[in-house]
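S.K.:
Protein chains: 2
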Amino acid sequence: MNKDNQTDQIILEAARRVFQRSGYGGARMQEIANEAGINKASLHYYYRSKEKLFQTVYRQDIKVFLVPLVGILRDPFLTLEVRMRTFVGSYIKTLLKNPGLPLFIMQELSSNPGRLISLVEDHVPGVRSRSADEEESPMLAVFIGQIRNGMDDGSCNKVDPEQFILSMISMCVFPFVGRPLIRLLLKKGEQEYRDFLARREEEINEYLHRILFRNHQPIDGPRY
Amino acid sequence: MNKDNQTDQIILEAARRVFQRSGYGGARMQEIANEAGINKASLHYYYRSKEKLFQTVYRQDIKVFLVPLVGILRDPFLTLEVRMRTFVGSYIKTLLKNPGLPLFIMQELSSNPGRLISLVEDHVPGVRSRSADEEESPMLAVFIGQIRNGMDDGSCNKVDPEQFILSMISMCVFPFVGRPLIRLLLKKGEQEYRDFLARREEEINEYLHRILFRNHQPIDGPRY
DNA sequence: GTCTATACGGTGATAGAC
DNA sequence: GTCTATCACCGTATAGAC
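Respectively, the protein sequence lines represent chains U and A. Note that the numbering used here has the first sequence beginning at 1, numbered continuously upward. Note that the numbering used here has the second sequence beginning at 1001, numbered continuously upward.
1. May I ask you to report which of helix, strand or coil DSSP gives residue 77 of chain U?
2. What whole-angstrom Cβ distance do residue 1085 of chain A and residue 1139 of chain A have, given they're in contact under 8 angstroms?
3. Whole angstroms are fine: how far does the CA of residue 1211 of chain A sit from the CA of residue 1146 of chain A?
4. Going residue by residue through the stretch 1132 to 1174 of chain A, where are the continuous alpha helix (DSSP H) segments of at least 4 residues, counting only ones entirely within it?
5. Using DSSP with H/G/I as helix, E/B as strand and the rest coil, what is residue 214 of chain U?
6. Is residue 1187 of chain A helix, strand or coil by DSSP?
7. Let me know the secondary structure DSSP gives residue 227 of chain U once reduced to three states.
8. Let's test the definition: count the other Cβ atoms within 10 Å of the Cβ of residue 1045 of chain A and tell me whether it reaches 16, buried, or not, exposed.
9. Is the shortest distance between the beta-carbon of residue 47 of chain U and the beta-carbons of chain A less than 8 angstroms?
10. For the alpha helix (DSSP H) holding residue 1017 of chain A, just list the boundary residues, first then last.
11. Any residues in the stretch 1173 to 1188 of chain A with a beta carbon nearer than 9 angstroms to a beta carbon of chain U? Which ones, in chain order?
12. Measure the C-alpha to C-alpha separation of residue 33 of chain U and residue 1028 of chain A and round it to an integer number of angstroms.
13. Would you check if there are 3 or more beta carbon pairs closer than 8 angstroms linking the stretch 1173 to 1186 of chain A to the stretch 168 to 177 of chain U?
14. Closer than 8 angstroms by C-beta to residue 214 of chain U: which residues in its own chain qualify, once you throw out the five before and the five after it? Chain order, please.
15. Would you mind telling me which residues of chain U sit closer than 9 angstroms to residue 1127 of chain A, beta carbon to beta carbon, in chain order?
16. Could you say if the stretch 95 to 107 of chain U and the stretch 7 to 21 of chain U meet the contact criterion of at least three C-beta pairs nearer than 8 angstroms?
17. Is any beta-carbon of chain U found at less than 8 angstroms from that of residue 1089 of chain A?
18. Of the choices A:1090, A:1070, A:1166, A:1184, whose alpha-carbon is the least far from that of residue 122 of chain U?
19. Short check: CB of residue 187 of chain U to CB of residue 1127 of chain A, under 8 angstroms?
20. Are the stretch 53 to 71 of chain U and the stretch 101 to 115 of chain U in contact at 8 angstroms, needing three or more beta carbon pairs?
21. Can you tell me whether residue 1039 of chain A is helix, strand or coil according to DSSP?
22. Check each residue of the stretch 1098 to 1112 of chain A: if its Cβ is closer than 7 angstroms to any Cβ of chain U, include it; give the result in chain order.
23. Out of U:49, U:47, U:92, U:12, point me to the one whose CA is closest to residue 205 of chain U's CA.
24. Given this structure, state the Cα-to-Cα distance separating residue 196 of chain U from residue 190 of chain U, to the nearest angstrom.
25. What number of angstroms, rounded off, separates the C-alpha of residue 1194 of chain A from the C-alpha of residue 1039 of chain A?
26. Is the separation between the beta-carbon of residue 1108 of chain A and that of residue 1116 of chain A shorter than 8 angstroms?
27. Examine chain A for any beta-carbon lying closer than 8 angstroms to the beta-carbon of residue 153 of chain U, and answer yes or no.
28. Helix, strand or coil for residue 114 of chain U per DSSP?
29. Would a C-beta distance cut-off of 8 angstroms place residue 10 of chain U and residue 41 of chain U closer than the cut-off?
30. Which value, in whole angstroms, describes the spacing of the CA atoms of residue 1056 of chain A and residue 1114 of chain A?
31. Out of U:208, U:149, U:16, state which residue places its alpha-carbon closest to the alpha-carbon of residue 60 of chain U.
32. Looking at chain A, is there any beta carbon in it that lies within less than 8 angstroms of the beta carbon of residue 203 of chain U?
33. Just the Cα atoms here: how many angstroms apart are residue 119 of chain U and residue 69 of chain U?
34. With distances taken from CA atoms, which of U:198, U:6, U:152, U:161 is nearest residue 208 of chain U?
35. Note down the Cα distance separating residue 106 of chain U from residue 171 of chain U, rounded to an integer number of angstroms.
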């Protein structure tokens, strides 16, 4: 093993795996130590407490999970079509690389909102302002505006923009959150399900296109 | 307080709330006792161990979560359109009544698949047979068959049936799993988000219709 | 059936040698 | 920086009075 690999990084990755597997309450410092191949006391040397270690991991994970999402949703230079395709593609790829991420984030956020909400807000600019001088989240303003414009000029079908965006996110994320249950339902093995997810990107793009641009010709011909 | 209310039922409901809030690892027997308004020792009198209590709760929750889903997916007498609308309507309603259910189920199933998979299989007939004499889950066979028929006779657009069904489930369930994050993203208060979810049923129905029946006229006129 | 008291094991955290 | 040994506490579970 390369000793040049910083020990604190090794610990962090081990902790990430254990926390994602078992959650904060279920994780054991001993298990993290084993996974990192070091002693339990060293954990406390690098990260003073379990809570501190957890927050370090969670902060990074939130960043990985939210930054691509937020960036693409807000980007002022993307057209509506490109924004949607970019979002779906980039998100599925991120999640294929970190399959356990979304469930972990939702789990902890849900069981302890007060403790973690500020960590989320650090990566979601604009949500903090409760001043209500804007009716909608500024993060979605551009996206929603494009959909509204499209509906006005007839290039888009009628949708509730927020419901539409939520549907897009749902189709991308839920297959990872519900993985064990869906695998059971579809009777798919581990590798088989991975392939299924990899094919999902273009399928979602097609669905979104039909919802929003039904009156136009499909971009691709039939594929089945 | 009415003493006729069976104590074991009161305990069960208290345990359900605490387990859903904190997960198995995070739940404390003391907290459950407080929530039930009784002594900690009485928990062990009615349910010998934490594990036993948890399994009782989890078995019921899985049933509530899966039985409507499975029933509608398998029902041999529903047309394709009615099956979809029934599924979405019944599912959103179930989840509005039990908002914490899906995250709880996925969480525990994911952190300890081996321990709970058999509880799921009890309520999902057919998944157990690994004999592979059918290529697909028998539970989805009818549904998938209807979609295939529709594609063959031209009444349906081309979709991957499994991807389509997964998308339907995703749009229904994810808004509940990701509740805290979505609320932040959309800047919605608790009641506001409930209203948003209540309106979601017809929106999803419209989306599914556009995906699968795009060439037909929409059932309703524009609503926005 | 419900309580108080307690046994028992495990867990986070620290002290101190090396 | 990394280890062994140990502490203080907490959580599950049980014993036993009423």
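Each residue gets a CB set at the ideal place from its N, CA and C atoms; glycine is no exception. As the structure is a prediction and not an experimental result, all values here were calculated from the model.
M.R.: Let's see:
1. Walking along the first sequence from the start, residue 77 of chain U turns up at place 77. If DSSP states are grouped into helix, strand and coil, residue 77 of chain U belongs with coil.
2. Working through the second sequence from its first residue, we reach residue 1085 of chain A at position 85. Working through the second sequence from its first residue, we reach residue 1139 of chain A at position 139. At roughly 19 angstroms, the Cβ-Cβ gap does not stay under 8 angstroms, so residue 1085 of chain A and residue 1139 of chain A are not in contact.
3. Here the question's residue 1146 of chain A lines up with position 146 in the second sequence. Here the question's residue 1211 of chain A lines up with position 211 in the second sequence. Roughly 15 angstroms between the two C-alpha positions.
4. 1138 to 1153
5. Mapped onto the first sequence, residue 214 of chain U falls at position 214. It is coil, neither helix nor strand.
6. Taking the first residue of the second sequence as 1, we reach residue 1187 of chain A at position 187. It is coil, neither helix nor strand.
7. Outside the displayed range of chain U (1 to 224) lies residue 227 of chain U, so it cannot be described from this structure.
8. Here residue 1045 of chain A corresponds to residue number 45 of the second sequence, with the count starting at 1. With fewer than 16 Cβ atoms within 10 Å of its Cβ, residue 1045 of chain A is classed as exposed.
9. Within the first sequence, residue 47 of chain U is the residue found at index 47, counting from 1. Not an interface residue.
10. As a working mapping, residue 1017 of chain A is identified with position 17 in the second sequence. Residues 1007 to 1026.
11. 1173, 1174, 1175, 1177, 1178, 1179, 1180, 1181, 1182, 1184, 1185, 1186, 1187, 1188
12. Stepping through the first sequence from its first residue, residue 33 of chain U is reached at position 33. Stepping through the second sequence from its first residue, residue 1028 of chain A is reached at position 28. So the alpha carbons of these two residues sit roughly 25 angstroms apart.
13. yes
14. As a first step, residue 214 of chain U is located in the first sequence; it is residue number 214 there, counting from the start. Here the set comprises 157.
15. Here residue 1127 of chain A corresponds to residue number 127 of the second sequence, with the count starting at 1. By Cβ distance, chain U contributes 184, 185, 187.
16. yes
17. By one-based count along the second sequence, residue 1089 of chain A stands at place 89. Judged by the 8 angstroms Cβ criterion, residue 1089 of chain A is not in contact with chain U.
18. Translated into the one-based positions of the first sequence, residue 122 of chain U becomes position 122. When only C-alpha atoms are compared, the closest one is A:1184.
19. As a working mapping, residue 187 of chain U is identified with position 187 in the first sequence. As a working mapping, residue 1127 of chain A is identified with position 127 in the second sequence. It is a contact, given that the beta carbons lie within the stated cut-off.
20. yes
21. Counted from its first residue, the second sequence places residue 1039 of chain A at position 39. Three-state result, residue 1039 of chain A: coil.
22. 1103, 1106, 1107, 1109, 1110, 1111
23. Mapped onto the first sequence, residue 205 of chain U falls at position 205. When only C-alpha atoms are compared, the closest one is U:92.
24. Looking up residue 196 of chain U in the first sequence gives position 196. Looking up residue 190 of chain U in the first sequence gives position 190. Distance between the alpha carbons of residue 196 of chain U and residue 190 of chain U: 10 angstroms.
25. Translated into positions along the second sequence, residue 1194 of chain A becomes position 194. Translated into positions along the second sequence, residue 1039 of chain A becomes position 39. Between residue 1194 of chain A and residue 1039 of chain A, the C-alpha separation is close to 35 angstroms.
26. Position 108 of the second sequence, counted from the first residue, corresponds to residue 1108 of chain A. Position 116 of the second sequence, counted from the first residue, corresponds to residue 1116 of chain A. Closer than 8 angstroms, so yes.
27. For this step, residue 153 of chain U is matched to residue 153 along the first sequence. It does not; no Cβ of chain A falls within 8 angstroms.
28. What you label residue 114 of chain U is simply residue 114 of the first sequence in a count that begins at 1. Residue 114 of chain U falls in the helix class under three-state DSSP.
29. Position 10 of the first sequence holds residue 10 of chain U. Position 41 of the first sequence holds residue 41 of chain U. Contact: no.
30. Counted from its first residue, the second sequence places residue 1056 of chain A at position 56. Counted from its first residue, the second sequence places residue 1114 of chain A at position 114. Spanning the two alpha carbons is a distance of roughly 17 angstroms.
31. Residue numbering aside, residue 60 of chain U sits at position 60 when the first sequence is read from its first letter. The option with the nearest alpha carbon to residue 60 of chain U is U:16.
32. As a working mapping, residue 203 of chain U is identified with position 203 in the first sequence. It does; some Cβ of chain A falls within 8 angstroms.
33. Here residue 119 of chain U refers to the residue found at position 119 when the first sequence is read from its first residue. Here residue 69 of chain U refers to the residue found at position 69 when the first sequence is read from its first residue. About 16 angstroms.
34. Indexing the first sequence from 1 puts residue 208 of chain U at position 208. If we check each option's Cα against that of residue 208 of chain U, U:161 comes out closest.
35. What you label residue 106 of chain U is simply residue 106 of the first sequence in a count that begins at 1. What you label residue 171 of chain U is simply residue 171 of the first sequence in a count that begins at 1. Between residue 106 of chain U and residue 171 of chain U, the C-alpha separation is close to 16 angstroms.
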